[in-house]
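K.L.:
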DNA sequence: GCCGTTTTCGGCCCGACTGTTTTCAGTCG
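Structural data, given as structure tokens:
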């Protein structure tokens, strides 16, 4: 059993233990173990064999044994029994706002409720009002919660939530003439988000809460206090506004940016030093240590400033302590854009239009990569079309100099791992992007070998969207990314960070590993139409989340540098 | 269940809000 599956099982055990009414710290121990296992780059099987699995922090004797059992047998009786003891509907019921493990247990013990359907029925029959700890209001809220789960519960893409966040913050900001800051997972650059967190510093909390509740995009107010107002927007997204005093702002900004895991680790660190940390300050006894910015808070705790994207408790605190945080890539570092489709295949922009748009945006080169012949659904290029496009690019390169247009192709990786053209065609391109677009249902070992074989093709420059996932709609195909990344590292091949908001593939946790292995990354917008160029800033945000620096991304190279880079790869064939 | 320069037991981050209570439990982030 591989690492991802074990991580998933440990996390599920944590939730099941909560539902079973176990010691919450035991549940948290499984969460911690899962997280630390997930972020380790060590070979799990190797650690198990050498008896060193407990060297991973948070994994002790008991969990260590369970991991060993999973690795060697693929089963775990403890987990299976635990899962059998909890109705599957209880896991689903956790999604209803206001319902947690305790209330779900009460519902089961008193009313034998095991599914959301039964729960809805029980509410309509008015059966919750007399339960201890419940009441009329709770029953109403649960009914509403069920409605909301049915309609909106889905998480949102970052790119979908950000415009709403910007609208809300600017409306509120204009209304009150005060700054409104976006915090939470949006500030951290999460791929998908559950809600929009906003933060305001003011001495008039009531006025701010009132104004926020009546903004045009707000549909309903779900909770309203002195420091926090929660609403549901017409678009279905939840939004929380936090209101603090100007003095508290830096602490609150840090706190409400999260992540939960980062905050927990930071507060533990403060506690180690005899301090207490919360959204209102950093306290030694009753005395607040004054900080005027997030930077100062980190410095007081002996840390370099940690950019929001890194705050996931993935080693950033340790790195900040050692002064070894990466100098993260910025949008201004990007010199050129690769992976662009034109009207030759399934793009809606002509070559000339793309060149004009790229120049307007300050890029100094682009790389064209239309689909290859077997992608008939996307108008893949036949031999003649390639000739025609080559001729056109040569002309434009003369006309537009010093702007550079590199000739590339997005070649399908066929099921056997070969690429979709003869070598004489492939070797004529400046670069080749290899991509899986079909036959997703393969066994992990076969898919991994298919992709590794494509990487070994002498003409392959970049591996596109390596897991094929579509956020919130399609799971990644089964592929061992550790093996793929190791192969790319050994061969000096590039892996794409596809910046389409639905893909963001390679994922940021894998980026952290790729960087450690020395794999170079191309941040590629996979442009098909005018919106494509705007994906670059999201790509950079995710690259930052994956700890990337300018040196890690090939499209931070200047035009002549990337030309040399492509040539050197060709020379190795 | 994990962990230890407060070590093998007794902690484990912290506060707001809601709805149920009549001082607090549960949930959430």
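In the numbering used here, the protein residues as written are 33 to 605. All C-beta atoms in this analysis are idealised placements derived from N, C-alpha and C, irrespective of residue type, glycine included.
#1: Contact between the stretch 421-430 and the stretch 474-482 is defined here as three or more beta-carbon pairs at a separation below 8 Å; is this criterion met?
#2: Just to confirm my understanding: we take residue 442, look at its own chain, exclude 5 residues before and 5 after, and list those with CB closer than 6 Å. What are they?
#3: What are the start and end residues of the beta strand (DSSP E) that includes residue 397?
#4: Would you kindly report the start and end of the unbroken beta strand (DSSP E) that includes residue 252?
#5: Starting from residue 262, follow its DSSP beta bridges and name the residues at the other end.
#6: If you pair each beta-carbon of the stretch 233-244 with each one of the stretch 547-558, do three or more pairs fall below 8 Å?
#7: With DSSP collapsed to three states, give me the class of residue 33.
#8: Going by other Cβ atoms of all chains shown within 10 Å of its Cβ, with 16 needed for buried, is residue 255 buried or exposed?
#9: Looking only at its own chain, which residues have a Cβ that is under 7 Å from the Cβ of residue 302, when we skip the five neighbours before and after it?
#10: Can you tell me whether residue 542 is buried or exposed? The criterion is at least 16 other CB atoms within 10 Å of its CB, across all chains shown.
#11: Ignoring anything shorter than 3 residues or poking outside the stretch 140-194, list the beta strand (DSSP E) runs there in chain order.
#12: Which ranges would you report for the alpha helix (DSSP H) in the stretch 96-124 if only whole runs of at least 4 residues count?
#13: From residue 131 to residue 123, what distance separates their C-alpha atoms?
#14: To the nearest whole angstrom, what separates the beta carbons of residue 533 and residue 193, a pair I think is in contact under 8 Å?
#15: Among 341, 369 and 330, which one has its Cα closest to the Cα of residue 354?
#16: Can you name the start and end residues of the alpha helix (DSSP H) that residue 457 belongs to?
#17: Would you call the stretch 568-575 and the stretch 363-372 touching, i.e. three or more CB-CB distances under 8 Å?
#18: Once you ignore the five residues that flank residue 143 on each side, which residues in its own chain have a CB closer than 7 Å to its CB?
#19: Can you give me the start and stop residues for the alpha helix (DSSP H) that residue 592 sits inside?
#20: Is the separation between the beta-carbon of residue 362 and that of residue 562 shorter than 8 Å?
#21: Is the distance from the Cβ of residue 351 to the Cβ of residue 360 below 8 Å?
#22: Exposed or buried, which one is residue 98 when buried takes at least 16 other CB atoms within 10 Å?
#23: Please state whether the Cβ-Cβ distance between residue 232 and residue 212 is less than 8 Å.
#24: So who's on the other strand from residue 317, going by DSSP bridges?
#25: Is the stretch 243-258 in contact with the stretch 287-306, if contact means three or more CB pairs nearer than 8 Å?
#26: Going by C-alpha distance, which of 111, 54 and 84 is nearest residue 39?
#27: Alpha helix (DSSP H) containing residue 577: first to last residue?
#28: According to DSSP, simplified to helix, strand and coil, what is residue 228?
#29: Tell me whether the beta-carbon of residue 223 lies closer than 8 Å to the beta-carbon of residue 536.
#30: With respect to the beta strand (DSSP E) encompassing residue 440, which residues constitute its N-terminal and C-terminal limits?
#31: Compare the Cα-Cα distances from residue 149 to each of 178, 430 and 454 and report the closest residue.
#32: Evaluate contact between the stretch 501-520 and the stretch 578-589, counting only Cβ atoms and requiring at least three cross-stretch pairs below 8 Å.
P.N.:
According to the structure shown:
#1: no
#2: Numbered from its first residue, the first chain carries residue 442 at position 410. If we look at residue 442 and ignore the five residues flanking it on each side, its Cβ neighbours are 401, 403, 465 and 467.
#3: The residue labelled residue 397 in the question sits at position 365 within the first chain. Counting along the chain, the beta strand (DSSP E) containing residue 397 begins and ends at 397-403.
#4: In the first chain, the residue the question calls residue 252 occupies position 220. From DSSP, the beta strand (DSSP E) with residue 252 extends over 250-256.
#5: Taking the first residue of the first chain as 1, we reach residue 262 at position 230. BP columns for residue 262 point to 255 and 272.
#6: no
#7: Here residue 33 refers to the residue found at position 1 when the first chain is read from its first residue. Correct three-state label for residue 33: coil.
#8: Along the first chain, read from residue 1 onward, the residue named residue 255 stands at position 223. Exposed is the call here.
#9: Taking the first chain and counting its residues from 1, the one referred to as residue 302 is at position 270. Answer for residue 302: 308, 309, 314 and 333, listed in chain order.
#10: Residue 542 sits at position 510 when you count from the first residue of the first chain. Residue 542 should be labelled buried.
#11: none
#12: 109-117
#13: Residue numbering aside, residue 131 sits at position 99 when the first chain is read from its first letter. Residue numbering aside, residue 123 sits at position 91 when the first chain is read from its first letter. In a straight line, the C-alpha of residue 131 is about 11 Å away from that of residue 123.
#14: Residue 533 sits at position 501 when you count from the first residue of the first chain. Residue 193 sits at position 161 when you count from the first residue of the first chain. So it is not a contact: roughly 10 Å between Cβ atoms.
#15: Counting from 1 along the first chain, the entry for residue 354 is found at position 322. Here the closest residue by C-alpha is 330.
#16: The count along the first chain starts at 1 and reaches residue 457 at position 425. Its alpha helix (DSSP H) spans residues 455-458.
#17: yes
#18: Indexing the first chain from 1 puts residue 143 at position 111. So the qualifying residues of the chain are 154 and 159.
#19: One-based indexing of the first chain puts residue 592 at position 560. Per DSSP, residue 592 belongs to the alpha helix (DSSP H) from 591-603.
#20: The residue labelled residue 362 in the question sits at position 330 within the first chain. The residue labelled residue 562 in the question sits at position 530 within the first chain. No, the pair does not count as a contact, with Cβ atoms beyond the cut-off.
#21: On the first chain, position 319 is the one that residue 351 refers to. On the first chain, position 328 is the one that residue 360 refers to. Contact: no.
#22: Start at 1 with the first residue of the first chain, and residue 98 comes out as number 66. Result: buried.
#23: The residue you call residue 232 lines up with position 200 of the first chain. The residue you call residue 212 lines up with position 180 of the first chain. Closer than 8 Å, so yes.
#24: Here residue 317 is taken as the residue at index 285 of the first chain, counted from 1. Partner(s): none; residue 317 has no beta bridge.
#25: no
#26: Counted from its first residue, the first chain places residue 39 at position 7. It is 111 whose Cα lies nearest to the Cα of residue 39.
#27: Within the first chain, numbered from 1, the residue matching residue 577 stands at position 545. Its alpha helix (DSSP H) spans residues 567-577.
#28: For this step, residue 228 is matched to residue 196 along the first chain. Note: residue 228 maps to strand in three-state DSSP.
#29: Counted from its first residue, the first chain places residue 223 at position 191. Counted from its first residue, the first chain places residue 536 at position 504. Taking 8 Å as the Cβ cut-off, residue 223 and residue 536 qualify as a contacting pair.
#30: As a first step, residue 440 is located in the first chain; it is residue number 408 there, counting from the start. Here the beta strand (DSSP E) through residue 440 covers 436-444.
#31: Sequence index remark: in the first chain, residue 149 carries index 117 (1-based). Minimum Cα distance to residue 149 is reached at 178.
#32: no
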